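Residue numbers (the working numbering): 8 to 743. Using N, Cα and C, we set each Cβ at its ideal position, and we do this for glycine too. Predicted model only: the values in this text are computed from it and were never measured.
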């Protein structure tokens, strides 16, 4: 039996119904109130978007007789659209004669070409052709040829380009040509203003609309939420609730987003109750918005409750729950939810992989990050900007700069965050020359740097000792009125001067700053004084710091190390007494190493590990070997009553134990990745370098020091230290 299908054809777009006046004239003329006559005329003329699309169009049909059911139905033949560039009127780089042909073409033909250009997503070309149509002449007759469908296409182009200038140009043309706005086009113009960042104009447009439907309210509320005006968006939601009492699922979801931006759990709970009352609790949009809201407010149990109650768990709900766990600091639980998502056979999107990659970077799990990378490529998101930027950040944190650069180079579109991630990665690993080169390449491509970019490149200059280049970039910032150096940039410059021993210049930079010195600026000088053992200037910086942050343990630790390195043991003991009186305690230094996907933790002088005997036996053997290579242990002690046995234990720092455990339990040439909550002391740094020489298959990398964080790039069996927290460590194995 044959199937008969009716297909519509010949769908010319009809113009909007003519009105005597446009409701938007007041944006370009003195504000006047609308008369009842105009309002009634508008209400009588509008039939809404549906009547415009269906009732006002003439639709003819033809019959297509398909194959029989026994032979199997074939796909309906689609009408082939001719490529836009086939028309000589639209070719790029056309000569003057072609331009004349375009100008002299019939207005309706040009409008049709504009719509085709927008259909093929050639938005810039569509706007250029519209400008030619506007400049072409023939006055009112040419303007009247532009119908609703053409203006609708131009609005789509503006929304995609997000150009406020083009939006003003098109809207002004609509006003001057006395275009009669129906409800659909009024909402579209409102959306165009919001998407182009014209929030003030959009709010005025909305206020002067003679008639507003639910779409109008949802559009303005969503635009305000996207612009960060959460209070105003929530107020407008309350107005629509009082007037219409039917906000719809999208309106309620948008209001929940506003509450999430305000981080107001109380208001969010009320909206949650409202969803129950109006029967929208099971709605997908509302449920996902509630999960996101509770996750951002730190109420992860409530978020899980909403998620468990969803009848159909969508990928957006999974992503919101995973992100909520991650934001609340439950990274391991977030990974468990990710595994649940895998087992439920839900198709993941690029947002899922972006979140998981960031969680892996936080947990220091490179293998799981690689698996997420493989899934990203396997599912066709290998060039996604957000996910690839997260990958660049992950590989940079693990010191795999070649992998990070490879991902960066394959990105089809690189935004500012992508550039900042790679520049910061180069800087953190002592590759200052490469970081500066990437910064200069970014400028050549026309990308405007922000304060994060300058912070990354200044940090790269600091870590690599590039004083002249750092000063040049800092002066470049000072000359740009839009990018004045902030306190963070001053702190970075002070760090750079301090590394080079220019402590007086660093102090002068603090005193000449156009704002009050911050704690980061004094902390940078304080650390430099500790490195160069400048006791007097260090005491000055310590007084400033302790006055700003009297309860911060790190300041006392740096001062303690400064006194200790200068031989001022009595002053060091006084600092320790102050710590005890304030109730501040020293947190034991800890190191983690992952062997066969199982993490192992080691503390200073740890004997709790099941392989402690084997670890210490192997460590003692290695220590004997490195003594032959010229190693002399540092015997500085914090207190004069430390006995010889305790001094020997000082060699059993947590990172040394972790490395020794890795050597015992891995084959040759296996990368040992040690994660720490503290910086490596000078003695351990020396031990690691000498261990490298005593082990086979080891190759060195450059070493560098970052603020209070030491990243040791020396490989033991291709050893890589990957530290994330800028903590400061005492020589006896305590950190802060």
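Cβ neighbours of residue 586 within its own chain (closer than 7 Å, five residues either side excluded): 563. For the 8 Å CB-CB criterion, residue 203 and residue 234 do not form a contact. Counting of Cβ neighbours within 10 angstroms places residue 485 among the exposed residues, the total staying below 16. As DSSP reads the structure, residue 609 sits in a beta bridge with 598. Sixteen is the threshold: since fewer than 16 other Cβ atoms of the shown chains lie within 10 Å of the Cβ of residue 245, the residue is exposed. At the C-beta level, residue 494 and residue 527 come within 8 Å of one another.
About 7 Å separates the beta carbons of residue 629 and residue 667, which is inside the 8 Å limit, making them a contact pair.
Distance from the CA of residue 209 to the CA of residue 320, rounded to the nearest whole angstrom, comes to 36 Å. With 16 or more neighbouring CB atoms inside 10 Å of its own CB, residue 476 falls in the buried class. At a Cβ-Cβ threshold of 8 Å, residue 333 and residue 360 do not count as neighbours. Apart from the 5 residues on each side of it in sequence, residue 163 sits with its Cβ closer than 6 Å to the Cβ of 125 in its chain, given in chain order. The alpha carbon of residue 455 has as its nearest neighbour, out of 474, 425 and 436, the alpha carbon of 425. Where residue 559 is concerned, there is no enclosing alpha helix (DSSP H), because DSSP gives it neither an H nor an E. Taking 4 residues as the shortest admissible run, the segment 375 to 441 contains the following complete alpha helix (DSSP H) segments, listed from N- to C-terminal end: 392 to 404, 408 to 416 and 423 to 435.
Residue 569 is a Cβ neighbour of residue 536, given a cutoff of 8 Å. Secondary structure of residue 237 (DSSP, three-state): helix. Taking 8 Å as the cut-off, the Cβ atoms of residue 324 and residue 294 count as close. With contacts defined by Cβ atoms closer than 8 Å, residue 501 and residue 517 form a contacting pair. If you check the CB distance, residue 307 and residue 342 do not come in under 8 Å. For residue 207, there are no CB contacts under 6 Å within the same chain when 5 residues up- and downstream are skipped. Leaving aside the five residues that flank residue 340 on each side, the residues in its chain whose CB is nearer than 6 Å to its CB run, in chain order, 332. In the three-state reduction of the DSSP assignment, residue 491 falls in the coil class, being assigned neither a helical nor a strand state. Look at residue 260 here: in three-state DSSP terms it is helix. For residue 509, the three-state secondary structure derived from DSSP is coil. Three or more beta-carbon pairs separated by less than 8 Å are not found between the segment 180 to 187 and the segment 215 to 233, which leaves the two stretches without contact.
In the structure shown, residue 287 adopts coil according to DSSP, grouped into three states. Burial state of residue 446 is buried, judged by a 10 Å Cβ sphere holding 16 or more other Cβ atoms. Less than 8 Å separates the beta-carbon of residue 199 from that of residue 165.
With fewer than 16 other Cβ atoms from the protein chains shown falling within 10 Å of its own Cβ, residue 349 counts as exposed.
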